[in-house]
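Residue numbers (the UniProt record's numbering): 1 to 154. Heads up: the structure comes next, in structure tokens.
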Ligand code: FAD
Ligand code: NAD
């Protein structure tokens, strides 16, 4: 099967948009990600899937910690910046929870220690043990077939 067919199929799974962040020494790093999933309630675990070519991959391995910030529909520019689609550092605002960076005004910020990691194909699944959560009211940013949108209840 060709890559385009796979991407087209995966792109039909409408998702929210998150920014994965981590801190290594003085270096704060962020990356747009939609491969995010809740895994377990007891204990509280989530997972993210990080491409081995992403700079984020080595940084999470080094820090052993990450946060996932779920974006609002007012943060499309933040997603584009952290995906390298548009360079606009003016949209970047971090808050810090227990020393771990999160995106300011995100709908939810989930701060984790890496509990386990699994190398799977060209990505690694990092399982995060949830340490802290911050919630803010708002509407989610949606992503479908490569385009940003907003959520509409039906
Ligand atoms: P870079 O490409 O170096 O960083 C990304 C951007 O963030 C750069 O513009 C950089 O300047 C900026 N940046 C980073 N840190 C800071 C900082 N401290 N201050 C200001 N700017 C900063 N890839 C995956 O592996 N998994 C996914 O689940 C995934 N989902 C995606 C979902 C969407 C909707 C999109 C659009 C892309 C997704 N990607 C995903 C692709 C991924 O976002 C890009 O390949 C990204 O560029 C990889 O980031 P990087 O860690 O290599 O770092
Ligand atoms: P796209 O058509 O390349 O991607 C559609 C969907 O395919 C994505 O939402 C994702 O589910 C899947 N996908 C794409 N690239 C992948 C990869 N390397 N590994 C695993 N799954 C992948 O176009 P788009 O949705 O506009 O994405 C924009 C850019 O962001 C592309 O360069 C894409 O490769 C990258 N991206 C990567 C991932 C990832 O998990 N690594 C996820 C989403 C987007």
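Glycine included, every Cβ here is placed at the ideal spot set by N, Cα and C.
Can you give the beta carbon distance from residue 97 to residue 78, rounded, assuming they're within the 8 Å contact cut? Working through the chain shown from its first residue, we reach residue 97 at position 97. Working through the chain shown from its first residue, we reach residue 78 at position 78. Going by Cβ atoms, the distance from residue 97 to residue 78 rounds to 17 Å, so no, they are not a contact pair.
Take residue 31 as the anchor and find which of 20, 41, 24 has the nearest alpha-carbon. For this step, residue 31 is matched to residue 31 along the chain shown. Per the Cα distances, 20.
Exposure label - residue 40; buried when at least 16 CB within 10 Å: The residue given as residue 40 occupies position 40 in the chain shown. Under this definition residue 40 is an exposed residue.
For residue 58, which of helix, strand or coil comes out of DSSP? The residue you call residue 58 lines up with position 58 of the chain shown. Note: residue 58 maps to helix in three-state DSSP.
Of the choices 150, 130, 146, whose alpha-carbon is the least far from that of residue 138? Working through the chain shown from its first residue, we reach residue 138 at position 138. Taking only the C-alpha atoms, the option nearest residue 138 is 150.
Report the partner residues of residue 101 according to the DSSP bridge assignment. For the purposes of this step, residue 101 is taken as the residue at position 101 of the chain shown. Its beta-bridge partners are 96.
Confirm the yes/no value for this check: CB of residue 34, any heavy atom of ligand 2, distance under 8 Å. Position 34 of the chain shown, counted from the first residue, corresponds to residue 34. Under cutoff, so the answer is yes.
Could you work out which residue in 65, 67, 72, 54 is closest to residue 84 when comparing CA atoms only? Numbered from 1 along the chain shown, position 84 holds the residue referred to as residue 84. For residue 84, the nearest C-alpha among the options comes from 54.
Quick check: what's the CA-CA separation for residue 121 versus residue 145? For the purposes of this step, residue 121 is identified with residue 121 of the chain shown, where counting begins at 1. For the purposes of this step, residue 145 is identified with residue 145 of the chain shown, where counting begins at 1. Rounded to whole angstroms, residue 121 to residue 145 spans 23 Å at the Cα level.
By Cβ distance below 6 Å, which residues in the same chain neighbour residue 135 in space, the five residues on each side in sequence not counted? In the chain shown, residue 135 corresponds to position 135, counting from 1. Within the same chain, and ignoring the five residues on either side of residue 135 in sequence, the residues whose Cβ sits closer than 6 Å to its Cβ are 108.
Residues in its own chain within less than 7 Å of residue 60 by CB, not counting five upstream and five downstream? Here the question's residue 60 lines up with position 60 in the chain shown. The answer, listed in chain order, is 22, 50, 66, 114, 126.
Between the C-alpha atoms of residue 106 and residue 3, what's the straight-line distance to the nearest angstrom? Taking the chain shown and counting its residues from 1, the one referred to as residue 106 is at position 106. Taking the chain shown and counting its residues from 1, the one referred to as residue 3 is at position 3. Between residue 106 and residue 3, the C-alpha separation is close to 32 Å.
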